[in-house]
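Structure first, then comments.
Numbering (this note's numbering), first residue to last: 1312 to 1765.
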């Protein structure tokens, strides 16, 4: 027998233990990494993430910044204009003698140099109010851009809500299918025991196996759709593409339905499109005023400074240059605009009436859309009540058929049908709950405010 060295044995034992620990960590690493990519999200958290990471909203913000820059440009037009120039001029004069009549000839030099400089400041004192109207119109365009961004935010929020409840449908269906698979496995085990006892035929066992295969296929399809929607939601929320999203709070009770008039008043107040049409009406009003301003006179004041240096020297000596300063005011009036401008005003008024008509049409569309979504949510709630009753009936039917099958009174087909009806009713109920919640947010969307928190 070979003697064992205790020290060597302990060292080898430590190495083996370390290897086992490293192997355990290596085997658990994928699971740990996978767990790190799981993210729980409530609906509001998902909406906030979608808004924060939306590229469309970033584009909307850029449009707002553009409108702000345009307003700054229009305001700059109210500032005085100023200009300055400096010119050097050299002249060659080959014919430099001029004789008129019998008088002495006039002789000029063969060449001449001159420096001429000007500086001017002009300010429009009164332009018929056009500058003021331009500023007000540009402010309204900025408000329209802000409303457009708000509308895009609602669209992004609704897209998140839609995907969120689509994922909820699949996760709930998957739970019910898992319960169904567990139940059918017990039924199959029982059928095989009955077959061994000679109480049922081989065909009964095959029927349970076929049902198990069909449910497994359904589970595979649900899992495939879950992966697709989960991936799309990751992209929409700006999450890493391998993030598994777990939903929290999605099973909360359905919100209570307020009166139709309350939703209608909210829609007429909050809908961004209606607010934009109101602003466009005001913009058209300023456009009319600006066109009418063309018939008014304009008043401007200005100052000019001239520097004339004909000496040819860049820095002339004393009394070889002049520097006159002039102050002036101008009044101009295009009198012909009194009879040429009226058709432009008429055209602008027609455009304003078109905006008013568009608002009336859109208001009718909002009412019909809101009524449809209101009725859809009511129907969704009623469906849930009916399905809950059907589950109670299907559960009792399943219990009776299970008892009959165990007592060899009912066939395997009857047993399978009862179980299928029960689990189909459960799936239908979960889908109806998800549809009802989506219908509620669709109703809120038609009012112009999906969430009070956005």
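A virtual CB, placed ideally from N, CA and C, is assigned to each residue, including glycine. Note that the structure is a prediction, hence the values are computed from the model and not measured.
In the DSSP assignment, residue 1434 is bridged to 1612. Residue state for residue 1558 is assigned as strand, using DSSP reduced to three classes. In the structure shown, residue 1607 adopts coil according to DSSP, grouped into three states.
Apart from sequence neighbours up to five positions away, the residues of its chain that approach residue 1750 with a beta-carbon distance below 6 Å are 1687, 1688, 1691, ordered along the chain. With contacts defined by Cβ atoms closer than 8 Å, residue 1685 and residue 1561 do not form a contacting pair. Ranked by Cα distance from residue 1433, the options 1397, 1411, 1390, 1410 are led by 1390.
At a Cβ-Cβ threshold of 8 Å, residue 1429 and residue 1395 count as neighbours. Fully contained in the stretch 1475 to 1531 is no alpha helix (DSSP H) run of length 4 or more.
DSSP, read as helix, strand or coil, puts residue 1649 in helix. Contact annotation: the stretch 1646 to 1657 does not touch the stretch 1710 to 1720, with fewer than three C-beta pairs closer than 8 Å. Contact annotation: the stretch 1369 to 1380 touches the stretch 1457 to 1465, with at least three C-beta pairs closer than 8 Å. Look at the stretch 1706 to 1760 and you find these whole runs of alpha helix (DSSP H), each 4 residues long or longer: 1723 to 1758. The criterion of a C-beta distance shorter than 8 Å is not satisfied by residue 1620 and residue 1397. Nearest Cα to residue 1593 within the set 1702, 1446, 1532: 1446. Secondary structure of residue 1643 (DSSP, three-state): strand. Assignment of residue 1537 by DSSP, reduced to helix, strand and coil, places it in the helix class. Taking 8 Å as the cut-off, the Cβ atoms of residue 1575 and residue 1683 do not count as close. The C-beta distance from residue 1610 to residue 1436 rounds to 4 Å, short enough to fall under 8 Å.
Taken atom to atom, the span from the alpha-carbon of residue 1738 to that of residue 1541 is near 20 Å. For residue 1455, same chain residues with a beta-carbon under 6 Å away, outside a window of 5 residues either side, are 1587, 1590 in chain order. In the structure shown, residue 1701 falls within a helical segment according to DSSP collapsed to helix, strand and coil.
Approximately 5 Å separates the beta-carbon atoms of residue 1467 and residue 1365; this is inside 8 Å, confirming the contact. In the three-state scheme derived from DSSP, where H, G and I count as helix and E and B as strand, residue 1361 is classed as helix. Considering only 1568, 1499, 1544, the residue with the shortest C-alpha distance to residue 1693 is 1568. Between residue 1595 and residue 1669, the beta carbon gap of about 11 Å keeps them out of contact (Cβ cut-off 8 Å). Distance check between residue 1393 and each of 1614, 1656, 1626, 1639 places 1614 closest, using alpha-carbon atoms only. Here DSSP, grouped into helix, strand and coil, assigns residue 1687 to helix. It is roughly 7 Å from the alpha-carbon of residue 1423 to the alpha-carbon of residue 1623.
The residue from 1730, 1748, 1485, 1658 with its alpha-carbon nearest to that of residue 1497 is 1730. Under the three-state reduction of DSSP output, residue 1565 falls in the coil class, being neither helix nor strand.
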